[in-house]
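J.: Before I ask anything, here is the structure I am working with.
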Amino acid sequence: MSRSKIAVFIDVENLTHWLKEKGPEKLVTELSSTGQLIVRKAYGNWNTPNIQGFQADLNRQGFELMHNYHPVAGKNSSDIQLTVDVMESALRLADVEWFVLATGDSDFSPLFRRLREMGKEVIGVGPRSPLSESVKTSCTRYIFTDAPESLDEDTRSEELKKAIKLTISTLKTFDGAADCSVLKNRLISIDSAFNEKAFGFTSFTDFLKSIDAIEVNQHEKRKCWQANLTPASPQVEKPKLPTAEPDTDTITLKKNYLQFLKKQKWPLVERHLLTKALTIAITLPPLPKNDFPTELVISSKGQIDEAEAKLVSSILFKSQLFEVSTSKQKTGESISCYQLKSGQNYLHKIDQAMVSRLNTACLKHGQPLNYAIVQSITFNKYPQNLFTEMLQ
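Now the structure itself:
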């Protein structure tokens with residue numbers, strides 16, 4: 001029986017963090033159950049120091065290293081070469097059914113859509129960000145490069161709730177019980193990024209069994225697993241926990257907190273801007289401190305302006321989220337270069353740095369540090385005991 005043929009294309013310079021985490025190796029393993037990988041290409045300027053170290057691993061995984069020299073700083077010519085090669089393969093290799101594009105870049109959306117129009121199955125691979133939302137709708141499947149454990153608890157909890165809600169609503173479209181394999185395929189057709197393993201489940205069946213509103217049974221004759229909605233039961237409203245009243249007027253106290261942070265020169269930015277910037281910042285190579293905001297603007301491709309980049313950079317440096325290395329210039333002078341640490345719970349570290357500064361300011365001005373009000377300022381929400389630990 002012939003197996004499906006797959007072509008894989010990786011834009012290395014946009015996914016350096018993923019490559020550090022052995023992403024291509026995991027991808028090849030996952031794709032092996034779908035079909036046979038007959039095209040494997042990885043694109044980048046291989047003279048660039050921050051990607052040279054990936055060559056051996058990619059070569060071991062059978063990837064052809066496609067070199068692209070960038071004549072203008074900040075311009076990634078690999079994008080164009082990758083697009084040309086993908087379209088050439090789609091036209092020349094008619095028997096290739098699956099195209100896998102690991103890019104992390106929304107500029108490829110038209111390419112994804114064109115491949116779908118040509119009858120190809122498309123798998124997108126990239127980081128979790130507002131950009132990925134515009135790409136994954138054009139894919140048969142979408143694989144996030146972010147490790148599930150890198151997400152904060154609130155984000156994972158919210159995504160799990162959405163996945164459960166989507167599963168229940170999709171199951172309602174079946175006339176009776178649904179084969180679990182058919183249900184999962186329908187879920188992926190609605191949300192191409194659906195993946196139960198991101199929530200810690202070893203199988204789709206285990207994920208379904210964890211949902212109270214769904215019952216899972218094995219069909220007596222066909223021996224396959226089927227899912228069905230459990231009979232409706234009366235809903236018992238959970239009691240709401242009482243909330244403590246602030247010691248002082250809430251509005252005044254919050255205004256004071258924000259003023260204290262301003263005096264501490266702590267930038268105040270929206271969560272969506274910070275998460276967008278973090279997604280991009282993790283891909284940047286070691287850079288001199290003053291060059292970091294500029295590279296953030298260039299790599300965002302219009303998503304972040306210069307003023308926003310400076311605010312975000314200030315927060316990241318104040319939160320001590322960088323690894324420092326030394327780079328020798330042509331003049332012989334050595335300068336310090338900074339690269340975002342990998343594997344961090346970034347928002348938690350940032351909250352910790354901010355709360356520490358706020359606590360110092362409150363002690364100085366004799367103001368109480370109110371847990372409920374601080375919760376409205378931090379990026380994540382924390383239980384009382386963890387909040388207390390942040391102050392120690």
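Start counting the sequence shown at 1; every next residue gets the next number (this note's numbering).
Heads up, the beta-carbon is just placed ideally off N, CA and C, and yes, glycines get one too.
Model, not experiment: these values are computed from the prediction.
If you reduce the DSSP assignment to three classes, tell me which class Ser89 lands in.
T.: Ser89 falls in the helix class under three-state DSSP.
J.: Whole angstroms is fine: what's the gap from Ala90's alpha carbon to Gln344's?
T.: For Ala90 and Gln344, the distance between alpha carbons rounds to 39 Å.
J.: With a threshold of 16 other CB atoms inside 10 Å of the CB of Ala213, please say whether the residue is buried or exposed.
T.: Per the 10 Å Cβ criterion, exposed.
J.: Closer than 6 Å by C-beta to Leu160: which residues in its own chain qualify, once you throw out the five before and the five after it? Chain order, please.
T.: Answer for Leu160: Phe199, listed in chain order.
J.: So within the region 117-199, which uninterrupted beta strand (DSSP E) runs reach at least 3 residues, ignoring any that extend past its ends?
T.: Counting whole runs of 3 or more residues, the region 117-199 contains the beta strand (DSSP E) stretches 121-126, 141-144.
J.: Going by beta carbon distance, what residues of the same chain come within less than 8 Å of Glu64, once the five residues before and after it are set aside?
T.: Correct list, in chain order: Arg40, Lys41, Ala42.
J.: Report the three-state DSSP secondary structure of Ser4 (helix, strand or coil).
T.: Residue state, collapsed to three classes: strand.
J.: Do you know offhand how far Ser412's Cα is from Arg128's?
T.: Only positions 1 to 392 of the chain appear in this structure, which leaves residue 412 out of reach.
J.: Between which two residues does the beta strand (DSSP E) containing Thr438 stretch?
T.: With the chain covering only 1 through 392, there is no way to say anything about residue 438.
J.: Only counting the same chain, and skipping five residues up and downstream in sequence, which positions put a Cβ closer than 8 Å to that of Ile168?
T.: Answer for Ile168: Ile211, Ala213, Ile214, Leu229, listed in chain order.
J.: Would you call the CB atoms of Arg3 and Gln36 closer than 7 Å?
T.: Contact: yes.
J.: Ala309 and Leu296 - do their beta-carbons sit closer together than 7 Å?
T.: Against a cut-off of 7 Å, the Cβ pair of Ala309 and Leu296 comes out as a contact.
J.: Using C-beta distances below 8 Å, list every residue in its chain close to Asp351, excluding the 5 sequence neighbours before and after it, in chain order.
T.: Counting only Cβ-Cβ distances below 8 Å, and skipping sequence neighbours, we find Thr378, Phe379, Asn380, Tyr382, Met390.
J.: Taking the continuous alpha helix (DSSP H) assigned at Cys362, which residues delimit it?
T.: Looking at the DSSP string, the run of the alpha helix (DSSP H) that includes Cys362 is 346-365.
J.: Taking the alpha-carbon of Phe317 as reference, which of Lys330, Lys328, Phe292, Thr331 has the nearest alpha-carbon?
T.: Per the Cα distances, Phe292.
J.: If you draw a straight line from the C-alpha of Thr48 to the C-alpha of Leu82, how long is it?
T.: Using only the alpha carbons, I get a separation of about 18 Å.
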